[in-house]
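**Q** Just so it is clear: in the sequence shown, position 289 is 289 by UniProt numbering, and no numbers are missing.
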Amino acid sequence: MEEKNAIEVKNVYKQFKVEYDRARTLKDKLLFWNRGKTEYHEVLKDINLNIKKGETVALIGVNGSGKSTLLKMMTKIIFPTSGAITTNGKLTSLLELGAGFHIDFTGRENIYFNASIFGLTRKEIDQRLDDIIEFSELGSAIDNPVRTYSSGMYMRLAFSVAINVDADILLIDEILAVGDQHFQEKCFNKLEELKHSDKTIVIVSHSLDVVKKLCNRAIWLYKGEVREDGKPSEVIEHYLDQVSLDHMEERKKAIQQGIYKGMTYIDEPKNYQSFSNNMKSIDCHGWAISDDSQSIFEVYLDDNKIDSSLIERYKRLDVYKAFREDFAGLVDIDRLGWRLSLPTEDVKDGQHFLKIVCKSHDNKELSNTVCEIYIE
1 MEEKNAIEVK NVYKQFKVEY DRARTLKDKL LFWNRGKTEY HEVLKDINLN IKKGETVALI
61 GVNGSGKSTL LKMMTKIIFP TSGAITTNGK LTSLLELGAG FHIDFTGREN IYFNASIFGL
121 TRKEIDQRLD DIIEFSELGS AIDNPVRTYS SGMYMRLAFS VAINVDADIL LIDEILAVGD
181 QHFQEKCFNK LEELKHSDKT IVIVSHSLDV VKKLCNRAIW LYKGEVREDG KPSEVIEHYL
241 DQVSLDHMEE RKKAIQQGIY KGMTYIDEPK NYQSFSNNMK SIDCHGWAIS DDSQSIFEVY
301 LDDNKIDSSL IERYKRLDVY KAFREDFAGL VDIDRLGWRL SLPTEDVKDG QHFLKIVCKS
361 HDNKELSNTV CEIYIE
């Protein structure tokens, strides 16, 4: 193993054996000798990674892509079917809420149990006990049985123990999603502090904002393989593009079958103030987004529909980035923006209403917005 690396993953494959209708008793085996079906589910395929000392790395991907399995193999909770994972340095992990806790013992007693699992001696735990309790903010509850704790209190205690073990490598699996906003921010700030030390941090998270802010490297797992490894902003961009493609056909079928009715948003353009009747046209613009691929976009002046040939649709990258996760699969980036030079030659003086409408493929109104226009 190279000295500069904290974790090395070489040619790792992992598959799980799944048995259906397995005979549990001798009677079942005699009567249903032909029963039983076995499948092998391949979760990871030829994974090769080197994580350097001091790096903060995120594992991203959709559910079932193998992120948590890889993290568990790094901790040696489970082992590869083939290949090898080597770590260099003392390791601590936060993989499952309350793992290593005994519910009938107090929080204080569980600190000793949990920290000893991570390799601390009794004397070392004594020296760090006050820091652990203070960070957890559990107060007098530290001497209550852990079974009386909420999930947030579990997380506080588990995280407090893990970061005070003073390990070289910290592995975290989505546990920071638990707890109130205050403690999440406190945990994030602590990880920021550790990031700028010599600690190596590997995080599995679906919170892409956290990945961008905290990590200096992202590894995208797709169907058990490493699809991309690099700067978080670039990897996340490509990951979201793939999510969109994967959901496209599924969303189309759901909309066509009436199972899913689609979502549509139109921006709220400011009310246009007074305009001179000497002007030949008024320039209007905005954006509209819908995940109904057959949605219809229309503009009305009062009750009169504007000729669609006068409406130009154009690319709005800013809108695409803002809504891509919510509208994965059916967003056409080249048609998100709209602009219109509204003819006013035949429009009478006074108050008028400009209405922007999005309709579904079966002509039902999905969304609209209205603004006022005054011609003087």
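Cβ atoms here follow ideal geometry from the backbone N, Cα and C, with glycine treated the same way.
1) Please report the distance separating the alpha-carbon of Arg324 from that of Asp267.
2) Does the Cβ of Asn5 have 16 or more other Cβ atoms within 10 Å, making it buried, or fewer, making it exposed?
3) What's the gap between the Cα of Arg316 and the Cα of Tyr112?
4) Beta-carbon within less than 8 Å of Asn368's beta-carbon, same chain only, minus the 5 sequence neighbours each way: which residues are those?
5) Among Thr344, Lys364, Arg147, whose alpha-carbon lies nearest the alpha-carbon of Asp284?
6) Indicate the three-state DSSP secondary structure (helix, strand or coil) for Gly152 in the structure shown.
7) Could you say if the region 7-15 and the region 83-93 meet the contact criterion of at least three C-beta pairs nearer than 8 Å?
8) Let me make sure I understand the geometry here. Which of Lys212, Glu137, Leu208, Leu221 has the alpha-carbon closest to that of Lys186?
9) Closest to Gly337 by C-alpha separation, out of Tyr320, Asn114, Val161, Asp307, would be which residue?
10) Taking one C-beta from the region 140-159 and one from the region 117-131 each time, how about it: are there three or more such pairs within less than 8 Å?
11) Which one of Phe105, Thr56, Val226 has the shortest CA to CA distance from Asp46?
12) In this structure, does DSSP put Val146 in helix, strand or coil?
13) Counting C-beta neighbours from all protein chains within 10 Å, is the total for Gly66 16 or more, i.e. buried, or is it exposed?
14) Excluding the 5 residues flanking Lys199 on each side, which residues of the same chain have their C-beta closer than 8 Å to its C-beta?
15) Specify, as a first and last residue, the run of the beta strand (DSSP E) that Ala84 falls within.
16) Hey, out of Glu376, Asp332, Glu109, Ile172, whose CA is closest to Thr56's CA?
17) Could you check if Lys72 is buried or exposed, using at least 16 other CB atoms within 10 Å of its CB as the buried criterion?
18) What's the call for Lys52, buried or exposed, on a 16-neighbour Cβ count within 10 Å?
19) Which partner residues of Val226 appear in the DSSP bridge assignment?
20) Work out the CA separation of Lys213 and Asp131 for me, nearest whole Å.
21) Suppose contacts are defined by Cβ-Cβ distances below 9 Å. Is Ile219 in contact with Leu44 by that definition?
**A** Taking the structure as given:
1) Computed Cα separation, rounded: 16 Å.
2) Flag for Asn5 reads buried.
3) Cα-Cα distance, rounded: 56 Å.
4) Hits under 8 Å: Ile266, Lys355, Ile356, Val357, Cys358.
5) Note that residue 284 is Cys in the sequence shown here, rather than Asp. Distances from the CA of Cys284 to each of Thr344, Lys364, Arg147 were compared; the closest alpha carbon is that of Thr344.
6) In the structure shown, Gly152 adopts helical secondary structure according to DSSP, grouped into three states.
7) Counting C-beta pairs with one atom in each stretch, the region 7-15 and the region 83-93 have three or more that are closer than 8 Å, which means they touch.
8) Out of Lys212, Glu137, Leu208, Leu221, the CA that lies nearest to the CA of Lys186 is found in Glu137.
9) The shortest Cα separation from Gly337 among Tyr320, Asn114, Val161, Asp307 belongs to Tyr320.
10) No: the two stretches stay apart, fewer than three of their Cβ pairs being nearer than 8 Å.
11) Proximity to Asp46 across Phe105, Thr56, Val226 peaks at Val226, based on C-alpha coordinates.
12) In the structure shown, Val146 sits in a helix (DSSP, three-state: H, G or I).
13) Counting Cβ neighbours within 10 Å, Gly66 comes out buried, since at least 16 surround it.
14) For Lys199, where only same-chain residues beyond five positions count, the Cβ hits under 8 Å are Gly54, Ala167, Asp168, Ile169, Leu170.
15) According to the DSSP assignment, Ala84 belongs to the beta strand (DSSP E) that extends over 82-87.
16) Closest option to Thr56, Cα to Cα, is Ile172.
17) Around the beta carbon of Lys72, 16 or more other beta carbons lie within 10 angstroms, which makes this residue buried.
18) Exposed.
19) Val226 pairs with Leu221.
20) Roughly 26 Å separates the two Cα atoms.
21) Annotated as distal: Ile219 and Leu44, with beta-carbon spacing of 9 Å or more.
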